[in-house]
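> In UniProt numbering, the protein residues as written are 1 to 218. Handing you a structure now.
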Amino acid sequence: MHDPRKPHLALIKHILRYVKGTLSVGLHIGVGSVQSLTAYSDALGLAVRTLDAPPQATVSSSATIWCPGPPSAGPPSPAPKAEAEYRVVAHAVAECCWLRQLLQELHISIPSTTVVYCDNVSTVYMTANPVHHRRTKSIEIDIHFVREKVALGQFRVLHVPSSHQFADIMTKGLPVQLFTEFRSSLCVRDSPAATAGGKNAETGEAPFHSECHVSDES
Numbered sequence: 001m002h003d004p005r006k007p008h009l010a011l012i013k014h015i016l017r018y019v020k021g022t023l024s025v026g027l028h029i030g031v032g033s034v035q036s037l038t039a040y041s042d043a044l045g046l047a048v049r050t051l052d053a054p055p056q057a058t059v060s061s062s063a064t065i066w067c068p069g070p071p072s073a074g075p076p077s078p079a080p081k082a083e084a085e086y087r088v089v090a091h092a093v094a095e096c097c098w099l100r101q102l103l104q105e106l107h108i109s110i111p112s113t114t115v116v117y118c119d120n121v122s123t124v125y126m127t128a129n130p131v132h133h134r135r136t137k138s139i140e141i142d143i144h145f146v147r148e149k150v151a152l153g154q155f156r157v158l159h160v161p162s163s164h165q166f167a168d169i170m171t172k173g174l175p176v177q178l179f180t181e182f183r184s185s186l187c188v189r190d191s192p193a194a195t196a197g198g199k200n201a202e203t204g205e206a207p208f209h210s211e212c213h214v215s216d217e218s
């Protein structure tokens, strides 16, 4: 940062308070075979997670991979939001193809179809609609790539409301309640070693709770 100001310092302190208050929070990965691969696609990036569900488990475990959005060549163009979203969906499908291939080389097969969630209805519609549109000419390669994978039954692109768009936790400032819900959905939870009183077993400090949230507004 070439020109730090007081708001930047306040955000840094906010992050440090969060880290200090969540020392008992970590990623929980259970024992079991990989059952599915799911991606949450957003214009600013995507979150890909694998789920393993043991036969008697009630809560699936998850390993999450954060990927930035596709690199843009030059300044952003005034393309429609659906077009930008579709490029990221294509990027998500490509990342999942690579992960499926990697798991296959490790002799791990994923029996279920990979689902890519997107919060843009127009983008979801374009993945299944074979009709060509003049406005989508610049992304025809991405469209053909995604439609091919959908037609083969390897992928499904479904709509997800913003209230369940887990990729937002990586790119946006969220209210505390929504942030906590999204964090838990990625299997990032309190350690069993934490005391029953809700305090960190090592430090004895209560977990971080704040009524403010970090905003991505400039």
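Glycine included, every Cβ here is placed at the ideal spot set by N, Cα and C.
1. Pull the bridge partners of Gly26 from the DSSP assignment, please.
2. Going by the beta-carbon positions, is the gap between Thr123 and Glu85 smaller than 8 Å?
3. Please name the residue in Ser191, Glu95, Val176 and Lys13 whose C-alpha comes closest to that of Ala39.
4. For the pair the segment 17 to 36 and the segment 109 to 121, tell me if three or more CB-CB distances fall below 8 Å.
5. Using three-state DSSP, classify Phe166 as helix, strand or coil.
6. Which first and last residues belong to the alpha helix (DSSP H) in which Val88 is found?
7. Would DSSP call Arg183 helix, strand or coil?
8. Which of the three DSSP states, helix, strand or coil, is assigned to Leu178?
9. Looking only at its own chain, which residues have a Cβ that is under 7 Å from the Cβ of Ser185, when we skip the five neighbours before and after it?
10. If you reduce the DSSP assignment to three classes, tell me which class Arg5 lands in.
11. Would you kindly work out how many angstroms separate the C-alpha atoms of His107 and Lys6, rounded to a whole number?
12. In whole angstroms, give me the CA-to-CA distance for Ile143 and Ser191.
13. Looking at Asn120: is its Cβ nearer than 8 Å to the Cβ of Ala82?
14. Whole angstroms are fine: how far does the CA of Ser163 sit from the CA of Asp42?
15. Here's a check: name, in chain order, each residue in its chain whose Cβ is nearer than 8 Å to the Cβ of residue 226, leaving out the five neighbours to either side.
16. Return the Cβ separation of Cys97 and Val160 in integer angstroms, given the expectation that the two are a contact with Cβ distance under 8 Å.
17. Given that a residue counts as buried once 16 or more other Cβ atoms are within 10 Å of its Cβ, and exposed if not, what is Arg17?
18. Taking the beta carbon of Asp3 as the centre, do at least 16 other beta carbons fall within 10 Å, making it buried, or is it exposed?
19. Using the three-state DSSP reduction, which class does Val160 fall into: helix, strand or coil?
20. Determine the DSSP secondary structure at Val19, reduced to helix, strand or coil.
21. Can you pull the DSSP bridge partners for Phe155?
Here's the rundown:
1. Partner(s): Arg189.
2. Their beta carbons are under 8 Å apart, which means Thr123 touches Glu85 by this criterion.
3. Answer by Cα proximity: Glu95.
4. Verdict: yes, contact present.
5. Coil, per DSSP.
6. Lys81 to Glu105 is the span of the alpha helix (DSSP H), which, as asked, contains Val88.
7. In this structure, DSSP gives Arg183 a helical state, which the three-state scheme calls helix.
8. Here Leu178 sits in helix by DSSP.
9. Contacts found: Phe166.
10. Coil.
11. The straight-line gap from Cα to Cα measures roughly 52 Å.
12. When rounded, the distance between both Cα atoms is 43 Å.
13. Against a cut-off of 8 Å, the Cβ pair of Ala82 and Asn120 comes out as a contact.
14. Pairing Asp42 with Ser163, the inter-Cα distance amounts to about 13 Å.
15. Since the first residue shown for the chain is 1 and the last is 218, residue 226 is missing from the structure and cannot be characterised.
16. Contact flag wrong, Cβ pair sits at about 20 Å.
17. A residue is called buried once 16 or more other Cβ atoms fall within 10 Å of its Cβ, and Arg17, having fewer, is exposed.
18. With fewer than 16 other Cβ atoms within 10 Å, it is exposed.
19. In this structure, Val160 counts as coil in the three-state DSSP scheme.
20. Residue state, collapsed to three classes: helix.
21. According to DSSP, which records beta bridges pairwise, Phe155 is partnered with Thr114.
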